[in-house]
Structures are given as C-alpha cells and as structure tokens.
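Heads up, the sequence shown is in this note's numbering, so the first residue is 11 and it goes up one at a time.
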Amino acid sequence: MENAAATSEASVRRPKRGRVLEASDAGPSKTNGSIGEKQDQTSVVSEQSPNDLDQGSGEGSFDDLDFEVGPKPKRNRTTEAAARKVADQSLIEVISSNGKLISHAVKHWVDQYEKDTKAALVELLMMLFEACGAKYQLNVDSLDETDVDDVVVSLVNLAKDGKVEDYYNSKRKEFKNFKENLVSFWDNLVIECQNGPLFDQVLFEKCMDYVIALSCTPPRVYRQVASLVGLQLVTSFITVAKTLGGQRETFQRQLTVEKKKSSDGPRVVSLNKRLSTTHEKITMTEEMMRKIFTGLFMHRYRDVDPDIRMSCIKSLGIWIVSYPSLFLQDLYLKYLGWTLNDKSAGVRKTSVLALQNLYLADDNIPSLGLFTERFSNRMIELADDIDVSVAVSSIGLLKQLLRHQLLSDDELGPLYDLLIDEPPAIRRAIGELVYDHLISQKFSGSQSGSRGGDDESSEVHLGRMLQILREFSTDQILSAYVIDDVWDDMKAMKDWKCIISMLLDENPLIELTDVDATSLVRLLYASVRKSVGEKIVPAMDNRKQYTSKAQKEALENNRREITTVMMKRYPQLLRKFLADKAKVSSLVDMIRYLKLELYSMKRQEQNFKSVLQLIKDAFFKHGEKETLRSCVKAISFCATESQADLQDFAQNKLKDLENELIVKLKSAIKETKLGDDEYSLLVNLKRLFELQLEKGVSSESLYEDMVGFLQSIKNIDDEVVGFLLLNMYLHVAWCLLSIDQENPSEASIDSLLSKRTALFEQLEYYLHTLFEAGERRNRGLLASRVCTILADVWCLFRKSRFLSTNLERLGFCPDTSSLQKFWKLCELRLNISDETEDEDVNEEYIEEINRDSVMIAAAKLVATDTVPKDYLGPEIISHLVMHGTNVAEIVKHLIAVLKKNSNDDIPDMLLEALKRAYQRHAVEISKSDDEPLTSKSFLECKDLAARLSGTFVGAARNKHRSHILKIVKDGVSFAFVDAPKQLPFLEGVVLHFVSKLPTSDVLEILKDVQKRSENVNTDEDPSGWRPYYTFVDHLREKCAKNEGFQDEKEGNSAKRRGRPRKARNLQGKKLFDGQGSSEDDDSISASDQEDVEEEEEEDERPLIHSFRTASSKLRSMRVSRQESKGQAETAGSVGAPSKSLRTS
C-alpha cells in the first residue's frame, strides 16, 4: 500500500528543487521555478488556514504543500537583463557592487550548483576567500581530497606576506556596502537552498568547515569576515527552521484529523512521511546551528577585537529571541551574562540590549529564573557604569526586571543615589525608573503590567513624590536634581492648581507636615522655572540652548497659564509662608517667571500691589542671603518689566524700600555707637549689600556714617567690618559709574577721590592689622574680605584703564609694601586647612570668602596688569600644587592668560616661581630634621616643575623651545650659585624641562654643567654632589637614546626628514595579529595595552576631569557666577558696579 502511494505521488510530481535528495538519487534534482516561486512555496503553509488544509481531498492536496503552486510567472525584460549581467560577473564583483543583483546571482549560482556541484562549490569558496581579501585558487578535480587545514594555512601565509587586501575595513567608496551585501548574499543563499542543497550534507558542511577554520586564524580580517558569515548563517538557519516548524505543526494537525477518519489510509501514510521528513530537516538545521556555535561563537565571543565580540553577542541575542526552543537555556544565556563584564563598553551595551529584548517577552521569563538570580547583581552594578550609554541601557534593563517583579526594593537602593549623578542621561533614566516604580507604581500589579497608575489623581502622585523628597529635605540643590530627573514623566508636577491647593490646605483629606510643605514649595518653584525654559540644575556645558518657534510658543503659553493660576492665589501663598525662611525665598522669586502684563489685562492690579507689599515686608522681616536676594530681584524685575501704572507702583515701592533701609541702617549705626547689640547693624548691612548688587544707593550721608563708624569704633565684629567695607566699595563703584566719562565735572571726580581715599585708609588699616595678627584663626573671614575688596578696588581704578582719558586722575597703582602685605595675607588664608576654613566661614557667603576667592583676587591683579607681574606672578604660580585642585585650576588659567598676553615674560616668571618654591623648601629644611630629597616641600617642588614643564607639550615644545632652553640654562646657573647646597634644584626642577629639549640642546647643557664642575673637588661632599651626578647621568642617558635611535634611522636606505614618528599601536588596523587571535594570552596582551593607553590618557587629559570631590563647590560657584554675569563686568569697565566680590 505504501509503495502504491509512493508511486502515485511520484507520477504526479514534476521535477523541482524542493524535493529532498533520496539515497538512490544519482545527483541533484533540476528545477524550473523562479526565486519568487520558491519564496511563495516557503510561505504557502502560513498563508493557508488550518481548515483549508484539513479539508483537502485527494493526494494532490497534500502534494501541493511541497512544490510551487499557481501558474509559472513570465520573466520580464528586467529579470532577463539582470540574469545576463550576473552571468558576466563573479560572485565577489556582485557583492562589491550595489547589491541589487544579489538575488539573481544566488539563483544563478544555485542553478550552476545543480548542474556541476564541484565547480559551483569551488566558485563559492573562492568568493569566501576573496571576501577575506585573499586570492587563492582551488582545484575542482581535487576538491574532495583537499584538506581544509592546508588551505587555511596557505591563506594565513598570504596574510603574512602582505598579499591580502582588506575589503571588510576599506574606506573606499566601492566597498561602502560590502558588509551588508556579504550578509545578504549568504542569507539569500540559505533561503534559496532551503528546499534542496541546504540538506545535501555537502554544500553547507563544506562552507561551515572553511568558515569555522578561517574564524580561528590570526589575521584579523579573516576572523572578521568569517565571523560575519558564520553568525549570519545561524540567523538564516533559524529562519528556515521556523518555516519548517510551521509546516511540522500543520502536518501534525492534519495527521491528527486524518487518524480520526482512518488510522492507516494512504493519506495517513503520506502525512507521516512528510512529518518525519520535516522533523529530520529541523534536526539537521539545528545541528548546523550547534556546529557553528561550538566551532565559531564559543571562540569569537572573547576575541581580541571588540567589534567581533559585539557582533557575536548581538547575534546571540537575536537567536535566543527568535528561536527560544533551542537557545533559551542556560547553556547559551550564560554568554550574555559573562559579557556584562567585558572590558569594552560597546560589548557590555550590546549584551544589555540583548537582555532587554529577552525580558521584553513575558513567555521567556520562566526560563530566565536561574539566569536572573545569577546575574541580577551585575545588572544593577552596570547602572553606575563608567560609560554613560551602558549605564542608561542598564537602567532600561532594570525596568524590565521590575516589570516582571524580579528585583526587590532593597536591591534598588543604590540606584537612587544616581538621581544626583552628573551625567544628565543617567539621571533622566533613573528618574523614569523612579516614576514608573515608585510614583505611578506601574510595576506593582500583575506581570502583565497594569498601567492604572497613569489614571490616578495628581494628589496621589504628588504625595508619593513628597515621600521621595523627604530623603533630600535638608538640601535644596539635591531636591532640584530629583525634581529635574522626574520632570519629563510626571504630569502632576505641571498641575499647578493642585500644588497650590495642597499648599493652602484646601483639601481636608491631605495634611502636609512642615518638611513636606517645604518640599512642595521647592517643587512648585522648580516646576514654574522648568515650564518657562529655565534650568533648575547646572548644565554640564555652557553651550547656548536654541529653541524653535514652536518651542518658544509652548513656553510662552506655559508662562501665561502659570500666571493665570498664580494671579489670585499668589498673595495667599506669601501671607501664609511670609515668616518661613525655608519657603519664602522660592515663593518670592517665582514672580520673575510670570507674565506681568496679564495683571492689567485681567484687572488684577490689586493682587499685583499686594504681592509687592508682601515682598517688601519679607525683605525687612528676614536677614538671610537667599531671601534678601530674591526680594531685591523680584521688586527690581517688577520695576522694569511691568507696564504703565503697575510699573510706576513697583518703582515707587523700590524707592520706598531704599529709603526705609537707609533710615534703619542709620539708626542701627547710632545705636551700636551707643553700645547696643550689633545684630541689627549686621542685618541691615546685609540688606544694603544685596540692594547695592542690583542698584546704587545714592546717600552721601550714609557713606559718611559708615566711614565715621569704622574710624571711631575699632572693637567690632569682623563680619560687621566686612559688610561695612563691602558696602563702601559698592558705593564707590556706583559713584564711578555715575560720572560722565566724556565731560566729567571736577566736583564729581574730587568727591569720588575723597570717598576712595577713605575706603583705602580703612582697607590699609585692616590689611596692616591682620598682617600683624598673623595666623590668628578667628580673623580669617575678615582677612578674605579685605583681600578680595582690595583686589577689586585696585582693578577698578587701575592706571591702564584711565590712561589718556578725562578720568586719568582716577588711575591708581598700589606701592610695593602694600602689595607685599596683600600677598602675605593671601598666603595666610591659602595655608589654612579645609577643616579650619569650614569652622571660620559663614556658609551663606562661602563662595566669596574661601581660598578659591582669595586666589582669584590675586590672579586677577596679574591678569589685568593692575600690578607689576615680576613679584606677584611668580608667587601665585609657585602655589600651583599646594592647595588642591580648585586653586590649581585657577593658577593654570592664569598661566594660560599670561602665555597669550605676555609670552616673553613666561620663562622668567616660571623660573622665578620655581626658585621661590625651592627657597620655601630650603627654609623648611633648615627648621626640621627631614631628609632634604624626600621631604614634603621638595616633593612639592618636583610636582610643581612637572606641572609647569607639562604645559610645553606637543607642538608647544618647538614653538617655545627658546623659553624652555632659557629656563634650563638659568636654572643651572641658579643651582651652582651656592653649590652643592642648591644642587638638588637640578634634579628636582631643571630635569623636568630638559626632557622637553632636543638632543642638540641637551648636549649643550651637558657640556655646560660638566664645565662648571671641572675645578671642583666633589669628593669632599659626596652626598651634596649626588644630585649633580644624577642630573648628568640623565642627560647622558637621553643623549645616548637619541643617538642610538638616529643611528638606527641612518642604517635605513630611505631616510625621513624632520622629527621621528612616534611609535603607535595600530593593532586595530592590522591584518595579522601575531600568534593568537582570541585565546587568553591575546586577551591579556590587549588588556595590558588598553591599560597603558588609559594611563597615557589620564596623564594627558585636562586636570578639570580629575577632580570629582570638589564638584559641589565648583557647581555652587558656577551658579552664582552665572546669576551675576550681567553685572560682574564692572570691575573691569565703567559700566555697572561689580559683583566680583560675590563671583570671586
């Protein structure tokens, strides 16, 4: 019966490529179908419904599943032209072209394979060799006897001889699409052969042997091409296996139906045979996948080339997702887990992205239990990866784990610290995770992922946000970071009506604690600023942000909406929190982001006036810096930005505030003279200072009262003195601004000179007093104030500014004695430890009185030519390495400015700085018993020399060769002035600059040094002359190295002019990688090389990248500088009073 059925089937079938070769077949079967027909054939099962298949009658209905159906399409002219073109080109030429002919070339090759198997196979293998860049001829007749290893060895020898052309990495235009075309060719080949040669156990067995062998060779391009081809073969095999799997399921369903009708009919036999054949094909396909995985992937996933490792992991991720029945098991998953620790960021990111796709499918989760348990900790660690893109991707992966409830809240703890991390991309990703997990709680439901959280009320989301902000309630800056992170996802933050309602306790069901109310005020303030386009956290770069027209319109609409919401409620908020210093500053400052003209348009003038009156009340109720500054800015904004009557009202209110402050301050001065407490005087001086930062206070009598107070009373608090001097300086600056530069009156100049003289007298008095007091710790605050104010006044009235103008009488330059006292006082402040500074400093004004501000003040005098450079310049530079990274950055910036503006003075200035550092070392050594060459002061000298010599790198060596040579020669002379006492200067200082000189100059220095010691008996003091011999040995070594290198170059037939090339590691571009490709020693050598490169990069990178611990200080300084940018230029020009006291 079976034979009859088989005969019947054979009698109705026409020859086709879709038939599996039987053992009795003499050779490959022929085909008459086109590529389109074969694609239709592979999808015929999926296109038909099960019912259609089950209802077929007769054997023909089953046969139709196995061969082409429908009429044979006619070949059009385009197809015929392409076929002719393909016949004239080799396979490598087709792949190297634009790729349009690949499908035709594959069909043509398959036809040739069915006619002449060996010839076509040789052509295909030679194409593989050519894709690797090697031209190697295989013999058709001896193909079966040819050993794969022998061929591969010959190919490796071609690479050793340099006879390989790298198409894979070529930048030539004709090879632009080479990789894509090569992948497309093999994919088309597998699909075209899926109903024939794919299972003949000849074609792809031979191809896989060569691909696997080539993937294990030393030449990198061989491994790259073989890996690309091998990985694509597995991907294409999966496509075939999935198609066959669909057919198998269909046959199984049909067989079940037929068995119910008849248990042993011809149709049952036929279906059994087809089911068995399809299963065998799937098994063969999976065996081919395993062969490539074992022979290629298991070696290449740890290749020395990160691109190969990336392609392996990317492919594995695709395989697991697309064919989980084979690959979704720990045997394969472990490779994704292992590569989470790869040294290449690209590989780590690829592995993370592969896992993201894997966890995306709910059906995969049960099989990932053990894997998740093993590698979840590493996934969490990657959220803080050194590479930002890896960290962001890892956070996305953790969201997938949370969605499936595979992580506990305890494990997420470290992630929340990233809310205040510097890279904005990481903060945004963590903010999204926090919103989804803690605020909207999308992951708290079933694994299907309930999104009911999006429909919850704003009060609920704001309540959960306040719980998070409680962790940061003591720090407003950190709270702003958290708010900024969650802003894009949390719509409730833009529900200003709801926020204000909660603050005003309009909902009896919601009770806010004082901490929560403070956080909610901060949230409202940040939300208002973000909605109008302001930044609430410092930007990592200073690039100007551009907004489109649509974005500007959206921001303007937000401003309108906020103003409308706030208009009636704003006075209520201010009244409620007027006495609360933690909240009032943010509430007051909000008016600067409102659209003030709407008050007039909506007839809300009374509310506007109420707000201004409340702001004025807040100004006189509080004495803190932030509140005072917010009040002054708010009223000044209203006085300039409001319109018509409201503007007049705001201006009058500002004038009233000024007059009332003057009265209060005069009264406080009188009361303090009579012996009352100084608190009222200090608070009103702070208010005046903040007001004068925005506008001038034209009260001559008040200035005279402040001068008289300082002259008559000396035993007063340093903070009071500091603010008196600050206000006097600002008054003088505003007076200078008010003078007509074109036609100044003599009276105004005389008045200004008189005020300046009074200010200088007080500054000189306290400069002398503080200098005499020396290192008394309790005067540190005033010392910083005096230094910064003196520097600002000297810069404001520097002679070069008024030279040849009508104001030339105002030019001033301090005498040498004052300048030396100034610097000695600066040194006292610089030498105070961080702990002591923190004890002495009022945190409100930390950016104005710390060590950084003192160094900026001193550096400003040199940079602006206010004082002669020969004294203060070297002194400042000699402190480059003594006071931390912030001060070092200031000094480096000064050196850069000097190189740009006073390049000729640089050698003398740098050498003088080094001498002074060495002289400090000599003084310290004379007072202690430390070893001279190992003491801290000498190490600082060496570090200073290394830093200064490091400014001459790259092209700067040649450009500044004369400067370096001068420093070396004069340094040698200084060392021999008192030999051997000063000879350590050679080893510790001069030697660093010698390394920047060419050999000819080094020889000259060596002769000079040796000549200086010709008539000296160095044996009398061997230890004293040891630095000399060390220095000479280094010079000789450098000369010998360069001479040896030159001799080697002279031995070459072709000489290269100019300086010798640097030896570079071009490992990434080599075709041949030595003895191994991916084994342990390869990986180790590559890792070592990368470590060396990283060390070199660390040496060459800007110093600013190396300090992370001081980021908070720099951030606060940067913010204050940006806020005062508009008025900070006055210290350098007659434009507006300077805020440099604050920005310094």
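Every residue gets a Cβ at the ideal spot worked out from N, C-alpha and C, and that includes glycine.
So K1243 and E544 are in contact, right, with Cβ under 8 angstroms, and what is the actual spacing, rounded?
Past the edges of the chain, shown from 11 to 1154, lies residue 1243, and the structure says nothing about it.
Within 10 angstroms of the Cβ of S541, are there 16 or more other Cβ atoms? Answer buried if so, exposed if not.
Locating residue 541 in the sequence shown gives position 531, where the first residue counts as 1. S541 comes out buried.
With a threshold of 8 angstroms, are at least 3 pairs of Cβ atoms found where one atom belongs to the stretch 420 to 427 and the other to the stretch 438 to 456?
yes
Per the DSSP calculation, F7 is bridged to which residue(s)?
What is shown of the chain runs 11 to 1154, which leaves residue 7 out entirely.
State buried or exposed for G172, treating a residue as buried only when at least 16 other CB atoms are found within 10 Å of its CB.
On the sequence shown, position 162 is the one that residue 172 refers to. The residue in question, G172, is exposed, as its Cβ has fewer than 16 Cβ neighbours within 10 Å.
So does the stretch 609 to 616 actually touch the stretch 552 to 567, counting three or more Cβ pairs closer than 8 angstroms?
no
Buried or exposed by the 16-neighbour rule on C-beta atoms within 10 Å, applied to M475:
For the purposes of this step, residue 475 is taken as residue 465 along the sequence shown, with counting starting at 1. Buried, by the Cβ-count rule.
Find out if the Cβ-Cβ distance for the pair L762, V742 is shorter than 8 angstroms.
Translated into the one-based positions of the sequence shown, residue 762 becomes position 752. Translated into the one-based positions of the sequence shown, residue 742 becomes position 732. Taking 8 angstroms as the Cβ cut-off, L762 and V742 qualify as a contacting pair.
Can you find the residues in the same chain that come closer than 6 angstroms, C-beta to C-beta, to A223, ignoring five residues on each side of it along the sequence?
The count along the sequence shown starts at 1 and reaches residue 223 at position 213. Within the same chain, A223 has close Cβ partners V158, V162.
Return the residue from the list D1018, T1040, K1006 that minimises the CA-CA distance to P994.
Against the sequence shown, residue 994 aligns to sequence position 984. Of the candidates D1018, T1040, K1006, the one whose C-alpha sits nearest the C-alpha of P994 is T1040.
Own chain, CB closer than 7 angstroms to G732, minus 5 neighbours either side, in chain order:
As a position in the sequence shown, residue 732 is number 722, starting the count at 1. Setting aside the 5 residues that flank it on each side, G732 is surrounded in the same chain by L791, L792, R795, each with a C-beta closer than 7 angstroms to its C-beta; the list follows chain order.
Under the three-state DSSP convention, the category P276 falls into:
The sequence position of residue 276 within the sequence shown is 266, counting from 1. Reduced to three states, the DSSP call for P276 is helix.
Roughly how many angstroms lie between the CA atoms of Y535 and K186, to the nearest whole one?
For the purposes of this step, residue 535 is taken as the residue at position 525 of the sequence shown. For the purposes of this step, residue 186 is taken as the residue at position 176 of the sequence shown. Their Cα atoms are separated by approximately 53 angstroms.
Rounded to the nearest angstrom, what separates Y609 and E516 at their Cα positions?
By one-based count along the sequence shown, residue 609 stands at place 599. By one-based count along the sequence shown, residue 516 stands at place 506. Using only the alpha carbons, I get a separation of about 24 angstroms.
If you compare alpha carbons, which of L135, C797, K110 is closest to D862?
Locating residue 862 in the sequence shown gives position 852, where the first residue counts as 1. Of the listed residues, the one whose Cα sits closest to D862 is C797.
Identify which residue in L243, L838, L684, E752 has its Cα closest to the Cα of H893.
The residue you call residue 893 lines up with position 883 of the sequence shown. When each option's Cα is compared against that of H893, the closest is L838.
Would you say the stretch 174 to 191 touches the stretch 271 to 278, given that touching needs at least three Cβ pairs under 8 angstroms?
Contact fails: fewer than three Cβ-Cβ distances are below 8 angstroms.
Complete beta strand (DSSP E) runs within the stretch 977 to 1061 (minimum length 3 residues, chain order)
none
Three or more C-beta pairs under 8 angstroms: does that hold for the stretch 715 to 730 against the stretch 660 to 679?
yes
Within its chain, find whatever has a CB closer than 8 angstroms to the CB of K626; leave out the 5 residues flanking it on each side and keep chain order.
Position 616 of the sequence shown, counted from the first residue, corresponds to residue 626. Around K626: C641, I645, K663, D666, L667.
Neighbourhood of K291 by C-beta, 7 angstroms cutoff - its chain only, sequence neighbours within 5 removed
Here residue 291 refers to the residue found at position 281 of the sequence shown. F209, L254.
Does DSSP classify E207 as helix, strand or coil?
On the sequence shown, position 197 is the one that residue 207 refers to. As written in the sequence, residue 207 is Pro, which differs from the Glu given in the question. P207: helix per DSSP, three-state reduction.
With DSSP run on the structure shown, which of helix, strand or coil describes P917?
As a first step, residue 917 must be located in the sequence shown, where it is residue number 907. Helix, per DSSP.
Once DSSP output is grouped into helix, strand and coil, what is the label at P229?
Locating residue 229 in the sequence shown gives position 219, where the first residue counts as 1. P229: strand per DSSP, three-state reduction.
Own chain, CB closer than 7 angstroms to L285, minus 5 neighbours either side, in chain order
By one-based count along the sequence shown, residue 285 stands at place 275. Apart from the 5 residues on each side of it in sequence, L285 sits with its Cβ closer than 7 angstroms to the Cβ of R258, F261, Q262, L265 in its chain, given in chain order.
CA-to-CA distance, L921 to V362, given in whole angstroms:
Sequence index remark: in the sequence shown, residue 362 carries index 352 (1-based). Sequence index remark: in the sequence shown, residue 921 carries index 911 (1-based). About 54 angstroms.
Can you grab the Cα-Cα spacing for the pair F385 / L370, in whole Å?
Within the sequence shown, numbered from 1, the residue matching residue 385 stands at position 375. Within the sequence shown, numbered from 1, the residue matching residue 370 stands at position 360. For F385 and L370, the distance between alpha carbons rounds to 17 angstroms.
By the three-class DSSP mapping on this structure, what secondary structure does S959 have?
Within the sequence shown, the letter at position 949 stands for residue 959. DSSP places S959 in helix when its eight states are reduced to three.
Nearest to K183 by CA position, among K831, Y146, S107, Y739, is which residue?
As a position in the sequence shown, residue 183 is number 173, starting the count at 1. Looking at the Cα atoms, S107 is the closest of the given residues.
Are there three or more Cβ pairs, one per stretch, closer than 8 angstroms when the stretch 496 to 513 is compared with the stretch 465 to 474?
A contact between stretches requires three or more CB pairs, one per stretch, nearer than 8 angstroms, and the stretch 496 to 513 meets this requirement with the stretch 465 to 474.
Best match in H973, R930, F948, R967 for proximity to S913 [C-alpha to C-alpha]:
Along the sequence shown, one-based indexing puts residue 913 at 903. Looking at the sequence itself, residue 913 is Asn, so the reference to Ser does not match. Taking only the C-alpha atoms, the option nearest N913 is H973.
In this structure, does DSSP put R553 in helix, strand or coil?
Your numbering for residue 553 matches position 543 in the sequence shown. DSSP places R553 in coil when its eight states are reduced to three.
Minimum C-alpha distance to E133 - residue among N149, C142, G143:
Counted from its first residue, the sequence shown places residue 133 at position 123. Nearest option by C-alpha distance: N149.
Which listed residue (N737, V531, L656, S711) has its alpha carbon closest to that of V693:
One-based indexing of the sequence shown puts residue 693 at position 683. Out of N737, V531, L656, S711, N737 has the C-alpha closest to the C-alpha of V693.
When DSSP labels each residue in this structure, what does D397 get in the three-state scheme?
Working through the sequence shown from its first residue, we reach residue 397 at position 387. Coil at D397, not helix or strand.
Just to confirm the assignment, what range does the alpha helix (DSSP H) spanning M576 have?
Position 566 of the sequence shown holds residue 576. Where M576 is concerned, the enclosing alpha helix (DSSP H) stretches over 559 to 587.
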